[in-house]
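Each protein sequence line maps, in turn, to chains S and L. Sequential numbering from 765 applies to the first sequence in the working numbering. Sequential numbering from 3 applies to the second sequence in the working numbering. Yeah, the Cβ is synthetic: ideal placement off N, Cα and C, and Gly gets one too. Keep in mind that this is a model prediction, so the values were computed, not measured. First comes the structure, then the notes that go with it.
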Amino acid sequence: MNIVIAHLYYDILNLYGESGNIDVLEYHLKDNNIKYTIKKLTLEDKLNFDEYDLVYMGSGTENNQAYALNHLKQYKEDIKKNIDNNKLFLITGNSIELFGKDALNIFEFTSEKQDKRTVLEINTKIDQFDSNILGFINQQTKLNKDTEFIINKNFIGTHLLGPILARNPEVLKYLFNKLTIIKKLNLSLDEKAYKEYINFKENVK
Amino acid sequence: MKYISILFGKLAIILTKLLNKKGTNLPGVVSKKINKNILSKFNIKGTVIAVTGSSGKGSITSLISNTLIKLNEDVIHNTYGSNLDTGIISLFLKHCDLKGNINSKYIVLEVDERYTKYIFKDTKPKYVLINNLSRDQPPRNMHFDFVFDAINKNITKDMHLIINKDDPYLRKFITNNKVTYYGIEDTKYSYKESLFKNLNITRCPLCNSKLNYKHYFFETLGNYSCTKCNFKRGDVEYKLTDLNFDNLTMIINNKYKVNFGFDMLFSVYNVLGAYTLLSQLNIKKSEIANTISSLETNKKIFNKYKFNNRSVFVLNNKNENATTFNQSMLYINRDNNLKTIVIGWKEISRRYKYDDISWLYDIDFNLMNNIDKVICVGVHKYTIANRIKYAGIDEDKILVFDTLNDSYSAIKDSNGNIYAVVNFDYVEPFNALIGGN
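As structure tokens, this is what we get:
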């Protein structure tokens, strides 16, 4: 078995250390001797969603977000079908906006440009996970929706930006359980970093 | 009203001196409270030279003003850090007469990229130098397109731009302005394949096709051309034609030899940018070259010494600015000896309360080669350690400590050359700990 990960628009949606999410996936696949391929795909490439085991897409500038949307539009039905068929997606930062009603029209939410930018550290509980999720918001847009997450079948999307998988061991475990059978996840430093951050923030208060 | 606010401002300068406060912004803050338009009330008679962009502004303006001072020119300059409107108001208050006249021949301004809208309008720079725009303090600046827009909106037709042409991103400042470009020709330190992953621009600013590089110097800097249209780096007026990191010399336009501070690329660009700007001012090029060469280097930015017969390199970085760390990575990568790296900081930002760590993953730590130990220090020691693990460094080579003092024995017992890749708030504590021997 060979796991195929599609890193969409790796060259233009590459803000806020989000390539770290790919580094994390690679580390654990290697650590478990699982064969894998990372497909770095962008505007000139033809996408074939049926081929991928996991689709990843991250944050970009507003200009680059528009280029990505324009390219993705032709695959709208493909994407829909694959989400319905339980394809694994991980979508972070403003890329999630592309899946809304006003873009690819895959989910019901819309996003709205605000006058003021929202800058927020996130340390919050959401239904799917036992521990709080850590992340960062730095967006001019707001999702018209009561959470920053869209979890639907195996589609995991969030408006939070950054290396979500490196910061949240529980999300990483959740994702890996859906991706492949894995023997060990070496998360000892991840867990310590997670606790360190929570404690640090509590002490600052 | 105008004279009153200037008078109060002058009074504030005297008071801050009496109180022995070093905060150079305070008089500006006070007089801006009295008259929010005070910056427009000064009568500037000389030539205003502004330097803006993400990093190196302080170094470049210092090179320009120190060169002018050595050449006995009448020059004023907002020194390091006071680059907001209030810092410039303070500078003007100090040097104006009671009617608000500033009589200096040259006014050299380091301008915060987000404050160009206040500062350019009132000071009307004749020259604007932009050396780089990078990922820098995202909670404050969001991303580079935001910073580009903030600066670009405030560039008026009469400004003469001085631009680093090696960065295709800066070519977005394409206007009808007079532009003078500088850049580096191919050197023995360039490389063919990109070494960095998270680049700000990989596509043509005109047609959005992929850019091709003959060679790179660092991140997006190099000799680029568009794979589709005519956009390319092309020629520059002020070019570095030879570079030697061993004896810290560069040759500009095949003729002028200039010494620079230390063997890192940003040091080279800072000097080349300053040289290009000074060349616009009717000063003999040989005089510029000789004078820049004679300036002292800033040891806070780069330091080198011995510890137990091991070479120590202290590299100053800015948290939330991956480019400064990537410079350090390229520097470390050039050394093939065994190395121990110390990474840490006191706080992520002194400006705001956010403690985002995403920028750590914009840094290509995987360029660290031949590692004995990576010593991670400070309140986010495990966050750093986890990042280093994901860069492919063996976990048993990664050590963590709460404070620099706690890390002393580990540094002492480690092997190879020592590189401190630290935020600026750890430079002095590190030197105090290791440099004392």
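Pairing THR801 of chain S with ILE776 of chain S gives a Cβ-Cβ distance that is not under 8 Å. At least 8 Å separates the beta-carbon of VAL314 of chain L from that of LYS302 of chain L. In the three-state scheme derived from DSSP, where H, G and I count as helix and E and B as strand, GLY58 of chain L is classed as coil. Taking a Cβ-Cβ threshold of 7 Å, the residues of chain S close to TYR384 of chain L are LEU953, LYS956, ALA957, GLU960, in chain order. Note: THR49 of chain L is bridge-paired with L:TYR108 in the DSSP secondary-structure output.
Restricting attention to L:ASN255, L:LYS43, L:CYS378, the CA atom closest to the CA of ASP99 of chain L is found in L:LYS43. Bridge pairing for LEU884 of chain S: S:ILE901 [DSSP]. LYS257 of chain L sits exposed, since fewer than 16 C-beta atoms from the chains shown fall within 10 Å of its C-beta.
The beta carbon of GLY224 of chain L lies closer than 8 Å to those of ASP168, SER192, TYR215, LYS216, HIS217, TYR218, ARG235 in the same chain, with the five residues before and after it left out. Distance between THR944 of chain S and LEU936 of chain S, taken at the CA atoms: about 12 Å. Counting other Cβ atoms within 10 Å of its Cβ, TYR354 of chain L stays below 16 and is therefore classed as exposed.
Listed in chain order, the positions of the segment 343 to 367 of chain L with a beta carbon within less than 9 Å of a beta carbon of chain S are TYR354, LYS355, TYR356, ASP357, ASP358, ILE359, SER360, TRP361, LEU362, TYR363, ASP364, ILE365.
Under a criterion of Cβ atoms nearer than 8 Å, the residues of chain S adjacent to MET144 of chain L are, in order, ARG881, ASN902, GLN904. Under a 10 Å Cβ-count criterion, THR278 of chain L is classified as buried, with 16 or more other Cβ atoms of the shown protein chains found around its own Cβ.
Taking C-beta atoms as the reference points, TYR773 of chain S and ALA832 of chain S count as a pair closer than 8 Å. For ILE176 of chain L, the three-state secondary structure derived from DSSP is coil. Rounded to whole angstroms, the separation of the alpha carbons of ILE855 of chain S and ILE920 of chain S is 6 Å. ASP408 of chain L has no beta-bridge partner at all, per DSSP. Checking the DSSP bridge columns, you'll see GLU876 of chain S partnered with S:LYS906. For the C-beta of VAL381 of chain L, the chain S residues within less than 7 Å are, from N- to C-terminus, PHE964. Contact annotation: in the segment 919 to 935 of chain S, residues whose CB is within less than 8 Å of a CB in chain L are LEU925, GLY926, PRO927, ALA930, ARG931. Counting every other CB atom within 10 Å of its CB across the protein chains shown gives TYR363 of chain L a total of 16 or more, marking it as buried. The beta carbon of VAL50 of chain L lies closer than 7 Å to those of ILE109, LEU111, THR125, LYS126, PRO127, LYS128 in the same chain, with the five residues before and after it left out. For the C-beta of GLU885 of chain S, the chain L residues within less than 8 Å are, from N- to C-terminus, TYR356, ASP357, ASP358. As DSSP reads the structure, THR251 of chain L sits in a beta bridge with L:ASN246, L:ASN261.
About 17 Å separates the Cβ atoms of LYS159 of chain L and LYS119 of chain L, ruling out a contact at the 8 Å cut-off. Contact check between the segment 89 to 104 of chain L and the segment 132 to 150 of chain L: fewer than three CB pairs, one atom from each, fall below 8 Å, which does not count as touching. Annotation: the continuous alpha helix (DSSP H) that includes TYR120 of chain L extends over 118 to 125. Taking every protein chain shown into account, the CB of GLY89 of chain L has 16 or more other CB atoms within 10 angstroms, so this residue is buried.
Residues of chain L with a Cβ closer than 8 Å to the Cβ of GLY822 of chain S do not exist, since the nearest Cβ in that chain sits about 10 Å away. At a cut-off of 8 Å, the C-beta of THR204 of chain L has a neighbouring C-beta in chain S.
For SER351 of chain L, the closest C-alpha among the options L:MET331, L:LYS194, L:HIS382 is that of L:HIS382.
Within the segment 253 to 323 of chain L, the complete alpha helix (DSSP H) runs of at least 4 residues fall at 267 to 280, 287 to 295. For the segment 767 to 791 of chain S, the residues whose beta carbon sits under 9 Å from a beta carbon of chain L are, in order, TYR774, ASP775, ILE776, ASN778, LEU779, TYR780, GLY781, GLU782, SER783, GLY784, ASN785, ASP787, VAL788, GLU790, TYR791.
Within the same chain, ASN261, PHE262 come within 6 Å of LEU250 of chain L by CB-CB distance, once the 5 residues on both sides are set aside. By the C-beta density criterion, MET765 of chain S is exposed, having fewer than 16 other C-beta atoms within 10 angstroms.
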